[in-house]
Amino acid sequence: MKVKRLKCMKNSSLSLEIISNSVFGKHIFDMLDKIAYISSMSYEKLRNPIIESSEEIEADKILEELFESFIGIIKQREDKVKSGQSDNYGGDFLGSLLVGHHNADEEARISVDEIIEECKSFYFAGHKTVTSLLSWSMYLLAIHTDWEEKSREEVLEFLGQENPTTESISRLKMVRTQHLIFFSLQ
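In this text, residue positions in the sequence shown follow the UniProt record's numbering: the first is 1, and each later residue adds one.
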């Protein structure tokens, strides 16, 4: 049971890192990772509603830093559009939210606070999805060792000892998620 829990924790951490680095950057990952750790450590403690614990104080500081980081990312994208360096706010989730923030119809606009809350929701929802996909993929590879071996050979052939990138993963036929999902549906 301890090994299963450890693998699940590794998948969980990996999924958080994948989502953070691909959408928000490493700095955001580090802060959200700290918040998750503090939350898990203080979950079972009795909470004093009058006096904040050191964990709560640290969590508040991290949340403030997280807010400021999101504001910085948003401002950077807005500045690029204002200066003419870019003609849009980005083709990703945050870019779509910024389009909503700058909507000509004032009643349809979303606030910066709503953007940040949406980003956090996206982050944690994506975390659960990626964790499930990684766990399911590991399970399938464990029971279908022929696929596991073929996948390992392909990774070693294309990547050797290099860390994978988005581009390098897209070249891996056996490893690509669509193949694992297709295989899992059979």
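Quick reminder that beta carbons are idealized off the backbone N, C-alpha and C, glycines included.
* Determine the extent of the alpha helix (DSSP H) in which Leu79 is found, giving its start and end residues. => As a working note, residue 79 is residue 79 in the sequence shown. It should be pointed out that residue 79 corresponds to Asp in this sequence rather than to Leu. Secondary structure note for Asp79: its alpha helix (DSSP H) is the uninterrupted segment 54-83.
Inset, instruction - Work out the CA separation of Phe122 and Gln76 for me, nearest whole Å. - result: Translated into positions along the sequence shown, residue 76 becomes position 76. Translated into positions along the sequence shown, residue 122 becomes position 122. Roughly 20 Å separates the two Cα atoms.
| message | Suppose contacts are defined by Cβ-Cβ distances below 7 Å. Is Glu65 in contact with Ile38 by that definition? | response | Indexing the sequence shown from 1 puts residue 65 at position 65. Indexing the sequence shown from 1 puts residue 38 at position 38. If you check the CB distance, Glu65 and Ile38 do not come in under 7 Å.
ask   = From Phe93 to Phe70, what does the alpha carbon distance come to, in whole angstroms?
value = To locate residue 93, count along the sequence shown from 1; it is residue 93. To locate residue 70, count along the sequence shown from 1; it is residue 70. Counting only the Cα atoms, Phe70 lies some 13 Å from Phe93.
Q. Which residues in the same chain have their Cβ closer than 8 Å to the Cβ of Gln186, if we skip the five residues on either side of it in sequence?
A. Numbered from 1 along the sequence shown, position 186 holds the residue referred to as residue 186. Only weak support is given to the placement of Gln186: the predicted model assigns it a pLDDT of 47, under 50, and the question is left unresolved by the model.
Practice task
Select from Glu117, Gln161, Glu58, Glu52 the residue whose C-alpha is nearest the C-alpha of Lys34.
Solution key: Within the sequence shown, residue 34 is the residue found at index 34, counting from 1. Cα-wise, what sits closest to Lys34 is Glu58.
- Message: On the DSSP letters alone, give me the boundaries of the alpha helix (DSSP H) that Val175 sits inside.
- Response: Here residue 175 corresponds to residue number 175 of the sequence shown, with the count starting at 1. If you look at Val175, you'll find it isn't in any alpha helix (DSSP H); DSSP assigns it neither H nor E.
ask   = Can the beta-carbon of Leu172 be found closer than 7 Å to that of Glu154?
value = One-based indexing of the sequence shown puts residue 172 at position 172. One-based indexing of the sequence shown puts residue 154 at position 154. For the 7 Å CB-CB criterion, Leu172 and Glu154 form a contact.
Requested in this report: Let me know the secondary structure DSSP gives Cys8 once reduced to three states.
Outcome: Locating residue 8 in the sequence shown gives position 8, counting from the first residue. Unreliable placement is indicated for Cys8, whose pLDDT of 42 sits below 50; no coordinate value is reported for it.
Do Gly100 and Ile110 have their beta-carbon atoms positioned less than 7 Å apart in this structure? As a working mapping, residue 110 is identified with position 110 in the sequence shown. As a working mapping, residue 100 is identified with position 100 in the sequence shown. Taking 7 Å as the Cβ cut-off, Ile110 and Gly100 qualify as a contacting pair.
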